[in-house]
Amino acid sequence: MFSFYIKIFKGDNIIKLEQKGHITKKEKADKAQVKSIMKEQATGQEVKLLEVTKQAGAESFFNLLSNVILEADIDLITLDEFQLNLLAINLQRFAQCEKNINEQGLMIDGKKNPLVSASNIYLKNVITLFNELGLSRNARMKQLLNQIQTESEKIEDPFKDLIN
C-alpha cells in the first residue's frame, strides 16, 4: 500500500494521513477512509512517460524508477505521473552535473565550478520528490510504523476485562 504524508481538506478540517500522537476515533476512521479511497483510485491506473522526460534524456531513469515502484508494489495514480517524470528529469540532470564536475573538477579558473550549485539543487529536488512519492527509506519506515500502530490498535488486551 502506498502511503505518504498529505493534508486533505474536509470541510474546515485538515486530515493528516501520517500523524504522531493521540488521534480520535473519528480521525482514525477518516484516515482509514481516505487511505482506502486512495488505494482504490490507484487500482488499474498507469503512470506514463511524458514527452518532456524523453526530451530531457531521462527515459532510462523513468524506466528504472517505474520498475522499482512496480517491484515494491507501490500504488501511484495518474496524478503522480508528473512528479515521477519530474523525479526522472532531476535524476538525469543531477547525474549529468556530477559527470561534468568529475571531468572539469570542483574549481574552474580558481572559482567554484557553477555545476556544484546546480548539482546541489537537483539533489535537493530529488530528495524532496523521493519523500513525496514515498520512495525514501524514511517514508517507507513511516508507512511501516503506521501499519504496525494500526495493527496493534486492533489487538485486544486480554487483561483488560480482568482489570475492569
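Those letters in the sequence shown? Residues 68 to 231, per our numbering, in order.
Where is the CB? At the ideal position from N, CA and C, for every residue including glycine.
Does DSSP put residue i in a helix, a strand or coil?
| i | result |
| --- | --- |
| Tyr72 | Caution applies to Tyr72, whose pLDDT of 36 falls short of 50 and renders its modelled position unreliable; the model cannot decide the point. |
| Lys77 | Because the pLDDT at Lys77 is just 42, under 50, the model does not fix this residue reliably, and the point stays unresolved. |
| Ile175 | strand |
| Ile141 | coil |
| Leu84 | Residue placement at Leu84 is flagged as unreliable, the pLDDT there being 48, under the threshold of 50; the coordinate-derived value follows with that caveat. The answer is coil: DSSP assigns Leu84 none of H, G, I, E or B. |
| Thr91 | coil |
Using 8 Å as the threshold, is the C-beta distance between residue i and residue j below it?
| i | j | result |
| --- | --- | --- |
| Asn167 | Met174 | no |
| Thr190 | Phe161 | As written in the sequence, residue 190 is Leu, which differs from the Thr given in the question. Cβ distance < 8 Å, so Leu190 and Phe161 count as in contact. |
| Asn192 | Asn157 | yes |
| Val119 | Ser133 | no |
Could you spell out the range, first to last residue, of the alpha helix (DSSP H) harbouring residue i?
| i | result |
| --- | --- |
| Ile156 | 148-171 |
| Glu113 | That residue, Glu113, is in no alpha helix (DSSP H); it is neither H nor E in DSSP. |
| Ala185 | 181-199 |
| Ser133 | 126-138 |
Using 8 Å as the cut-off, can you tell me whether the segment 150-157 makes contact with the segment 119-126, which would need three or more C-beta pairs spanning the two stretches below that distance?
yes
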